[in-house]
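Counting in the working numbering, the sequence shown runs from 430 upward without gaps.
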Amino acid sequence: MDNGEFSNLDMLLVQLGPSTALVPMDKQARETGITKGDLGKLVGLLERRRVVVEHTSIAEFKVDPEDLSGKLRRLLSDGSILAHFSSEVNRPLATGCLAAILSSSICNMDAEPDSSCDIKLASLGMYTKLDSSAAEAVMLLPDPSTPKSRTGSIFGVLNHCKTKMGARMLERWLRQPLRDLKGIEARQELVGLFRGAASLRTMLRDGPLRTTPDLDAIKIRLQKSKGGLMEIFKLYAFSRTVPNFIKVLSGEAEVELDESEVNLLQSHFVERFKSLKGDLDGYQVLVENVMDLSQLPDCVMNPAYSAELQDLRNDMDEVMEEINDIYAAARDGWCDFGNKAPLHLEPDKVRGFVFRLSKANLGKELPSRKRNVEIVSILKNGVHFTTPDLRQAAKRYRDLKNEYSDKQEDLVSKVVETASTYLPVMEMASEVVAELDVLVGMAHAAAMAPTEYVRPILREPGTGVLKVAGARHPCIECQDGVSFIPNSYDMSKGKGRFMIVTGPNMGGKSTFIRTLGSIVVMAQIGSFVPADSAEVSIIDAVFARMGAGDAQQRGVSTFMAEMLEASAIISAASDQSLIIIDELGRGTSTFDGFGLAWAISEHLVRETRAFTLFATHSASWASDINL
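Okay, structure coming up:
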């Protein structure tokens, strides 16, 4: 990064983790795909952060006040609330970007409006800032090459979530560590409760959390009018589990909780789940009336809503009786192998229904028992076969079933439209389940770590305390065959904020300085931390300068990369920041590098006054420096 705007953008990309970015380009750049100057740097930054760049004409960023106002009124569902966003929409650059988004394929203006859209001003300072170098240094998120690794990132260590919503919320929390002391402590209270209540944790993880579907995915499909009866039923199934959440969290399921713990769960979760239950009671009645639940796992409409559907259902029932008669005749007659291999009738996606014998070798005897037996497949679970009678009946049943599905389409679209009115309820349900899942998952990680985590003591920003005893790296200690040697840190206003770490290659310098960064981030998302004790003043930003490397494709040498990163740190860091530097000045001569490292360190100590961990091979510098 060669200026403050790029550095801020880098931090914003870490905080938000966007998938797509709209970038205005002139016609030539859009046609050739060649970008130069600042635009080239912007596109390069986005691509390095794995953000899809969507080329957009500059005209899309021009604001037509009436058009923008009309689109916003539709998007926000209640046009009257637009007046409350006057300060937000009176910003030219912001409204230009908003206009481009509303005109792009990203925003589906044809979907029904709902209450999930909002407009608000955001600031980088709302959360602890991390640039991409810091995120990589503290091993915040998984490496894309090993996304499911349990020990490759803090996310992998803490992700014991049972739902996809929980995993997404955990990632969001890691990208946006809190700076609000009360917010952090509220999370800590709940993590501590769940860590101490193993039976409660197990009942939630193995019970309602495990069976909760991806409510966000259901909401998106319904929002885009792509949903069907399967999505309708999944939400119905979730609504039936809400009472289980209430029962377990209320202490009614033989879970030992004291009064204060019951009250905490009552205020934070039980009341929200009770509200959900009340909102979803009507939805349950709707689904039980419009769907034929007796046909599960097939999701079909209740034939009572259409005489034509009722006739088709009667025909299907008659054919099904015929199929059962064919099956009974085979089971009790020509295909009776006794207890050695009972005959099964099973659904088949291609043929409708087939027979199955659990012992594959019996397939050789079938032709001698009945003519025209067709072997369909021989698998681990036995031999699958059919007969002319079964084949014809199954075909008639399959044809009737397809006709039933076609006839019910109009009714399904009306049901989906009605179900879409519950989108705000789904959003609230997703939020509360995800939060519960993350907190239970962090408690599980704290309890099941090689050595149990402890609750860190958080101090208000500016108090200048960073003390951690017996600290362990959260990822490395979980690796097989590793016996991690704990380290301690004692930094404060009175004792000093600058720590120089030196030693031989493979001596653990990088691990030592990265460990503290990982613990600080974990502490500020409300997690317990791998240490014997920890007292941490809330940090406003984490900066890192790790290793030596260049970027030849951008014409940036090793020395230039070091200087750009160091400059970004000096410009953005404050006395409430944490800085991690692993070698500095290696991109030039020994004496020049020594001088640069000395000068930068002196500035950090005398001017910035941030907590700083500086790893270096220069043992003489470590012993001679006197700042």
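From the three backbone atoms N, C-alpha and C, an ideal C-beta is built for every residue, glycine too.
How would you write the range of the beta strand (DSSP E) that M975 sits in, first residue to last? A970 to M975
Report, in whole angstroms, the separation of the C-beta atoms of V671 and L709, which I expect to be a contact under 8 angstroms. 6 angstroms
Sort S939, L772, H1032 and L694 by Cα distance to I1057 and report the nearest one. Outside the modelled stretch of the chain, which goes from 430 to 1056, sits residue 1057, for which no answer is possible.
Between which two residues does the beta strand (DSSP E) holding E964 run? S962 to S966
Kindly indicate which three-state DSSP category L693 falls into: helix, strand or coil? helix
What does DSSP give as the partner residue(s) for D1011 in the beta ladder? M975 and A1044
Could you give the DSSP three-state label for Q982: helix, strand or coil? Reliability of the predicted coordinates at Q982 is poor, the pLDDT of 49 falling under 50, and no value is obtained from them.
Counting only runs that start and end within the stretch 607-634, where is the alpha helix (DSSP H) found for 4 or more residues in a row? Runs of the alpha helix (DSSP H) inside the stretch 607-634: 610-625.
Using three-state DSSP, classify V854 as helix, strand or coil. helix
In the DSSP output, which residue or residues are listed as bridge partners for F927? Answer is T1041, bridged to F927.
Would you report the Cα separation of P776 and D493, rounded to the nearest angstrom? 57 angstroms
Tell me which residue opens and which closes the alpha helix (DSSP H) that D839 is part of. E838 to A848
What separation, rounded to the nearest whole angstrom, lies between the Cα atoms of M598 and V841? Each residue's alpha carbon lies about 32 angstroms from the other.
Taking C-beta to C-beta, are I647 and P903 nearer than 8 angstroms? no
Close beta carbons around V844, own chain, < 7 angstroms, minus the five adjacent residues each side: I661 and V719
Proximity winner among D560, G554 and L553, relative to I1009 (alpha-carbon distances): Minimum Cα distance to I1009 is reached at D560.
For L868 and S966, the rounded distance between their alpha carbons: 22 angstroms
Helix, strand or coil for M430? Go by DSSP, reduced to three states. Any answer about M430 is weak, because its pLDDT of 45 lies below 50 and its placement is not dependable; what the coordinates show is given next. M430 falls in the coil class under three-state DSSP.
How is Y734 classed by DSSP in three states: helix, strand or coil? helix
Among R798, G625 and A789, which has the Cα closest to the Cα of N810? It is A789 whose Cα lies nearest to the Cα of N810.
Just to confirm my understanding: we take M430, look at its own chain, exclude 5 residues before and 5 after, and list those with CB closer than 7 angstroms. What are they? Any reading at M430 must be qualified, since the residue scores a pLDDT of 45, below 50, and its modelled position is unreliable; no value is offered.
Should N810 be counted as a contact of the ligand SAH given a C-beta to heavy atom distance under 7 angstroms? With respect to small molecules bound, the structure shown includes none, and the ligand SAH cannot be examined in it.
In angstroms, rounded to a whole number, what distance separates the CA positions of I954 and V452? 32 angstroms
Under a three-way DSSP split, which group does R888 fall into? strand
Whether K558 touches D1011 by CB criterion (8 angstroms): Cβ atoms of K558 and D1011: not closer than 8 angstroms.
Does the Cβ of P642 have 16 or more other Cβ atoms within 10 Å, making it buried, or fewer, making it exposed? buried
Can you tell me whether DSSP reads N916 as helix, strand or coil? strand
Alpha carbon to alpha carbon, what distance is there between L570 and P933? For P933 and L570, the gap between their C-alpha atoms comes out near 28 angstroms.
Three-pair Cβ contact test at 8 angstroms for the stretch 749-764 versus the stretch 781-788: yes
Do V883 and I948 have their C-beta atoms closer together than 8 angstroms? no
Quick one: what does DSSP say H813 is sitting in, helix, strand or coil? In this structure, H813 counts as strand in the three-state DSSP scheme.
Spatial neighbours of T880 within its chain, please: CB distance less than 8 angstroms, with the 5 preceding and 5 following residues excluded, ordered by chain position. Excluding residues up to 5 positions away in sequence, R901, E906 and P959 lie with their Cβ nearer than 8 angstroms to the Cβ of T880 in the same chain.
Tell me which residues share the same chain as I914 and place their Cβ nearer than 7 angstroms to its Cβ, disregarding the 5 neighbours each side in the sequence. none
Cα separation between E803 and F766? 18 angstroms
Helix, strand or coil at A666 [DSSP, three-state]: helix
Is it true that the CB of S921 sits closer than 8 angstroms to the CB of L887? no
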